[in-house]
Amino acid sequence: MPETLLEVSNLTLDYNLGSRKMRALDRISFNLDKGQVLGVAGESGCGKSTLGLAIIRLLPRVAEIRRGEILFDGTDLLKLSEEQMDREIRGQKITMIFQVPQNALNPVFKIETQMTDILRVQDKYQNPGSRKR
């Protein structure tokens with residue numbers, strides 16, 4: 001039976017724009033099992049980046065998660081402090097490649113090589129099994 005790694009339930013997020021609110025995410029729910037790959041596709045401005053930023057809690061100050069739950073490996077990410085997110089989650093267990101990959105990835109090298117290099121930099125992944133991860 002698959003083991004759930006990421007569970008997003010009824011995630012609703014607004015941007016507070018002065019006197020009005022703009023709903024950016026409306027009751028988003030999905031599960032991602034260990035070893036599974038999930039692609040998020042949609043038109044420009046539909047909330048793909050906002051969803052990723054909400055999961056890793058790197059939202060701008062005008063963003064407000066109104067309701068929902070984000071569980072990563074059983075841990076409620078919305079209840080962790082910023083320090084815990086930085087120390088235990090961001091860059092350690094969850095990483096986001098932003099929309100302009102030319103700024104994050106070198107087109108001269110294979111993405112696999114670059115991702116493996118990132119994993120090797122992390123102390124706990126300094127072993128030959130980093131490609132498998």
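Residue numbers for the sequence shown follow the UniProt record's numbering, so the first one is 1 and each next one is one higher.
No residue lacks a Cβ here, since even glycine has one placed at the ideal position from N, Cα and C.
Residue i in three-state terms, based on DSSP
i    : result
R61  : coil
I111 : helix
L80  : coil
A54  : helix
L17  : strand
L105 : coil
S49  : helix
E69  : strand
T95  : coil
M85  : helix
L38  : coil
Rounded Cβ spacing between residue i and residue j (contact assumed at less than 8 Å)
i   : j   : result
I94 : I55 : 7 Å
E69 : L78 : 7 Å
Residue i vs residue j beta-carbon contact at 8 Å
i    : j    : result
M96  : G52  : yes
D26  : E3   : no
L17  : F72  : no
Q114 : L105 : yes
6 Å Cβ shell around residue i - same chain, five flanking residues per side excluded
i   : result
L11 : L25, I28 and G68
M85 : R57
Own chain, CB closer than 8 Å to residue i, minus 5 neighbours either side, in chain order
i   : result
T50 : L13, A24, L25, L59 and A63
Residues near residue i by beta carbon distance below 7 Å, same chain, minus five either side
i   : result
S81 : none
G47 : A24 and L25
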